[in-house]
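*Asks:*
In this note's numbering, the protein residues as written are 18 to 418.
1. For the alpha helix (DSSP H) holding residue 24, just list the boundary residues, first then last.
2. Quick check on the DSSP output: the beta strand (DSSP E) that includes residue 196 runs from which residue to which?
3. In chain order, what residues of the same chain lie with their CB nearer than 7 Å to the CB of residue 375, ignoring the 5 residues before and after it?
4. Once DSSP output is grouped into helix, strand and coil, what is the label at residue 266?
5. Which parts of the segment 158-182 are runs of the alpha helix (DSSP H), unbroken and 4 residues or longer, counting only runs that do not cross its ends?
6. For residue 331, which three-state DSSP category applies?
7. If you reduce the DSSP assignment to three classes, tell me which class residue 346 lands in.
8. Report, in whole angstroms, the separation of the C-beta atoms of residue 100 and residue 279, which I expect to be a contact under 8 Å.
9. Consult DSSP for residue 384 and reduce its assignment to one of helix, strand or coil.
10. With H, G and I counted as helix, E and B as strand and the rest as coil, what does DSSP make of residue 297?
11. Within the continuous alpha helix (DSSP H) that includes residue 227, where are the two ends?
12. Where does residue 18 land, buried or exposed, given buried means 16+ other C-beta within 10 angstroms?
13. Quick check on DSSP: helix, strand or coil for residue 419?
14. I'd like the list of long-range same chain contacts for residue 335, defined as Cβ closer than 7 Å, with 5 residues on each side in sequence excluded.
15. Quick one: using the 10 Å Cβ neighbour count with 16 as the cut-off for buried, is residue 164 buried or exposed?
16. Can you say whether residue 313 is buried or exposed, counting buried as having 16 or more other CB atoms within 10 angstroms of its CB?
17. Taking 8 Å as the threshold, find out whether the segment 132-145 comes into contact with the segment 175-187 through three or more Cβ pairs.
18. Whose C-beta lies closer than 6 Å to the C-beta of residue 284 among residues of the same chain, with five residues either side of it excluded?
19. What residues in its chain sit with their C-beta under 6 Å from that of residue 169, if we drop five residues either side in the sequence?
20. Measure the beta-carbon distance from residue 69 to residue 225 and round it to whole angstroms, keeping in mind my assumption that it falls under 8 Å.
21. In chain order, what residues of the same chain lie with their CB nearer than 6 Å to the CB of residue 282, ignoring the 5 residues before and after it?
22. When you compare only the Cα positions, how much space is there between residue 58 and residue 174?
23. In this structure, does DSSP put residue 261 in helix, strand or coil?
24. Rounded to whole angstroms, what's the CA-CA distance from residue 37 to residue 247? Just pull it up for me.
25. In whole angstroms, what separates the C-alpha of residue 116 from that of residue 298?
26. Would you list, in sequence order, the uninterrupted beta strand (DSSP E) runs of no fewer than 3 residues that lie entirely inside the segment 88-157?
27. Pull up the DSSP beta-bridge partners for residue 371, would you.
28. So, do the segment 249-268 and the segment 75-89 have three or more beta carbon pairs nearer to each other than 8 Å?
29. Specify the secondary structure class of residue 186 as computed by DSSP and reduced to three states.
30. Leaving out five residues before and five after residue 118 in sequence, what residues of the same chain have Cβ atoms less than 8 Å from its Cβ?
31. Taking just the CA atoms, how far does residue 64 sit from residue 200?
32. What does the Cβ neighbour count give for residue 301, buried or exposed, with the cut at 16 atoms within 10 Å?
33. Does any C-beta atom of chain D lie closer than 8 Å to the C-beta of residue 290?
34. Evaluate contact between the segment 237-244 and the segment 21-30, counting only Cβ atoms and requiring at least three cross-stretch pairs below 8 Å.
35. Would you mind sorting residue 232 into buried or exposed? The rule is 16 or more other CB atoms within 10 Å of its CB.
36. Considering only C-alpha positions, which residue in the set 323, 204, 222 and 152 is nearest to residue 188?
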């Protein structure tokens, strides 16, 4: 089963006669870009798409077989280098440790674990010069040196970076640390299916190629990134949409929300264009953000993800809490999920739903789908979806300071 996107609310409630003209024009544009993407896939022109092929995965797994086999893993990297892997491990219930921010209190806590040097340790930075990643490496080195365990640290480490004169590459070479070359043609936020995401994961060699099929998301049905991109372009202009908000009724998707925010913001926030990506965890945020979503500015487009299947509780006890006891725990959260959709329709707020299904590996399809949607949206608006030039200004000023 693939993920399932439901667009009924858009076509039934929001596509009026005037919008239909805009939608048809946008759909034509997106179809042309979709055809271009299909050609890139068939001719192996785009390394991001190539990374999903069995041939590319086989190369990764030939490297994977040479790495440390510990099931306990510490991943150090910032932003796109680790965000996809973090969201995957959270959703699939894998207990990895991450250093993905300069939170010195958390770093100290992790380094204080007595067995931290028994973990497989991955340092990931495409450029090899990411300040935060190098700072975390420095503190890890300092810790190992203090306890006379530098040799053990180096034996447990794998560095993934470009083959160039950069700090991480040079550190690995100097200290005889395992070195995996980061694909120069794949940026961090698009890198999950490449070495950065697959090497530390517990996926099998065939999982990606058998789970992710491009044709599932480049057709003409509701699952099509072409159709969805045309819809987003239409409502953005006709309804003056400014924010793209994900509502997760499965809290395990929270880190996926972080990854999506980066993908969407860095890829499409250019030339004074772009929607601000946000997410809410529900039903918790019914009691906070929903007031703004429902009664504030009507400049939001929502994607709603349904609750996960409840495997833990079959019923509520009879305590005269009549407002909940007439339902099962699953029915209660489902009723909240259904209620917000009804209110959105009543208030003319545009939304779609995306159902992942019970197969945890379907989150891989979600990565692929959003790759395609983001690239189509960028190219349809004459935006380069692969670079992030404004971010470099922060790096330059950090160096000067």
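Quick reminder that beta carbons are idealized off the backbone N, C-alpha and C, glycines included.
*Replies:* In this structure, then:
1. Unbroken run through residue 24: none, as it is neither H nor E.
2. For residue 196, the enclosing beta strand (DSSP E) covers residues 195-198.
3. Contacts found: 326.
4. coil
5. Fully enclosed alpha helix (DSSP H) runs of no fewer than 4 residues occupy 167-173 of the segment 158-182, in order along the chain.
6. coil
7. helix
8. Contact holds; Cβ gap of about 6 Å.
9. Here residue 384 sits in helix by DSSP.
10. strand
11. 224-228
12. A residue is called buried once 16 or more other Cβ atoms fall within 10 Å of its Cβ, and residue 18, having fewer, is exposed.
13. Beyond the ends of the chain as shown, which are 18 and 418, falls residue 419; an answer cannot be given.
14. 342
15. Result: exposed.
16. Exposure of residue 313 is indicated by the presence of fewer than 16 other C-beta atoms within 10 angstroms of its C-beta.
17. yes
18. Hits under 6 Å: 391, 395 and 402.
19. 134
20. 6 Å
21. 294
22. 34 Å
23. strand
24. 11 Å
25. 23 Å
26. As far as the segment 88-157 is concerned, its whole beta strand (DSSP E) runs of at least 3 residues are 90-93, 114-116 and 137-141.
27. 22
28. no
29. DSSP places residue 186 in the helix class (H, G or I) of the three-state scheme.
30. 95 and 149
31. 9 Å
32. exposed
33. Note that chain D does not occur in the displayed structure, where there is just one protein chain.
34. yes
35. Per the 10 Å Cβ criterion, exposed.
36. 152
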